[in-house]
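Report on the structure given below.
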Amino acid sequence: MSEIPETTTPVLEEEPPVEELPQLIILEGADDAPVCENGVCW
Amino acid sequence: MTIRIDVWSDVVCPWCYIGKRRLESGLERFEHKDDVSITWHSFQLDPTIPQGQREPVSEMLGKKIGAPPSQVRAMQHQVTQLAEAEGLSYDLGNATSVNTRDAHRVAHLAGQHGLGDAMHEALLKAHLSDAAVVDDPDTLVRLATEVGVPAAEATDVVNSQKYGAEVDADIRKARQLGISGVPFFVLNDRIGVSGAQSAEHFLAALRKAHAEA
C-alpha cells in the first residue's frame with residue numbers, strides 16, 4: 719500500500735484553547751472525495 | 754487496543770450514507786475490526802431551515818445553487834449511481850428537505866442505548882432511500898423504536914428539546930476542528946479523513962491508527 723501524504727488542519731483561533739483540541743493529521747485521499755458543504759452535496 | 758472513530762454526519766447527506774458504506778467496507782477488511790468503536794456526531798448541513806418547513810430536496814437544491822430542474826436531476830442521477838455502487842438505493846427525487854435537529858436529538862438518545870450506529874443508518878435510509886420525512890414526530894418515534902429505543906423515551910425526546918445541548922456541542926466541536934463539510938471521520942482523536950473516501954483509504958487510515966496506538 720502506498721504511503722499517504724499528511725497535512726495538518728488549520729487551527730481556529732476560537733475557544734476552547736488550542737491545547738484542548740486534538741491535533742489532527744488529515745490523510746489525503748482522492749482530491750475529489752465528495753462532501754456535503756453549506757447544504758450542497760453535488 | 755480499541756480504535757475510536759468519531760464521525761460527523763447529517764442524516765440528509767447523500768455522501769454521508771455512501772461514506773458510511775465505504776467505511777464499513779474498509780472495516781470489514783481490517784485485521785482488528787473487532788476492536789473498533791464508532792461514535793456518530795451531529796452536523797447540520799443547513800441549520801437555518803426553519804423548524805417545520807418542508808420542501809422537495811430538488812426544489813431546495815435548485816434554488817440554492819441556481820440550477821434548472823434538468824441540471825438538478827442530472828446531479829441527483831449521478832449521486833444515485835454512485836450510491837448504487839455501494840449497494841444503496843436512493844430516491845432523491847422524492848426526498849423532502851427539513852431541519853434535522855430533531856432527528857439528531859433522537860439519534861443522541863439512541864446513542865445512549867448503544868444504538869447510535871443503527872439509528873444513524875435508519876435515518877439515512879429513511880430520508881435518502883425511503884423518501885420519509887425525518888422531522889415528522891411519528892416517523893422519528895417509529896424509526897427509533899424499530900432500532901430498539903424504548904417508545905416512551907423516543908416520544909418524550911421528540912416532544913421536548915432534550916439532547917439539544919448534545920447536538921449543539923457536536924456542531925461546536927466540528928467547528929473547532931475546522932470541519933466544514935461532511936462526512937468527516939476522526940480516528941483516535943488524531944487522524945482525520947474528509948469526505949466519502951474509498952474503502953481502501955479507510956482501511957489505510959485504520960491501519961495507520963492501529964500502528965500509532
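Chains as they are written, first to last, in my numbering: chain P, 719 to 760; chain Z, 754 to 966. Built from N, CA and C at the ideal position, the CB exists for glycine as well.
{"Asked": "Would you call residue 923 of chain Z buried or exposed, if buried means 16 or more other Cβ atoms sit within 10 Å of its Cβ?", "Found": "buried"}
{"Asked": "Taking the alpha-carbon of residue 950 of chain Z as reference, which of Z:785, Z:773 and Z:781 has the nearest alpha-carbon?", "Found": "Z:773"}
{"Asked": "Does chain P have any CB closer than 8 angstroms to the CB of residue 883 of chain Z?", "Found": "no"}
{"Asked": "Examine chain P for any beta-carbon lying closer than 8 angstroms to the beta-carbon of residue 958 of chain Z, and answer yes or no.", "Found": "yes"}
{"Asked": "My output table needs one value for residue 900 of chain Z: the three-state DSSP class, helix, strand or coil.", "Found": "helix"}
{"Asked": "Name the chain P residues that come within less than 8 angstroms of residue 945 of chain Z, Cβ to Cβ?", "Found": "727, 742, 743, 744 and 745"}
{"Asked": "At least one CB of chain P closer than 8 angstroms to the CB of residue 949 of chain Z: is that the case?", "Found": "yes"}
{"Asked": "As a quick exercise: from Z:775, Z:766 and Z:770, pick the residue whose alpha carbon is nearest that of residue 754 of chain P.", "Found": "Z:766"}
{"Asked": "Could you confirm whether any beta carbon from chain P is found closer than 8 angstroms to the beta carbon of residue 933 of chain Z?", "Found": "yes"}
{"Asked": "For residue 935 of chain Z, does the three-state DSSP call read helix, strand or coil?", "Found": "strand"}
{"Asked": "Distance check for residue 819 of chain Z and residue 885 of chain Z, CA to CA, integer angstroms please.", "Found": "25 angstroms"}
{"Asked": "When you compare the CB positions of residue 841 of chain Z and residue 882 of chain Z, do they come within less than 8 angstroms of one another, or not?", "Found": "yes"}
{"Asked": "Mind reading off the beta-carbon distance from residue 856 of chain Z to residue 869 of chain Z? Whole number of angstroms is fine, and I expect it under 8 angstroms.", "Found": "Not quite, the Cβ-Cβ distance comes to about 13 angstroms (not below 8 angstroms), so this is no contact."}
{"Asked": "Check the DSSP bridge columns for residue 792 of chain Z and list the partner residues they point to.", "Found": "Z:759"}
{"Asked": "By a C-beta neighbour count over all protein chains shown, 10 Å radius and 16 as the cutoff for buried, is residue 762 of chain Z buried or exposed?", "Found": "buried"}
{"Asked": "Tell me the rounded alpha-carbon separation between residue 909 of chain Z and residue 823 of chain Z.", "Found": "42 angstroms"}
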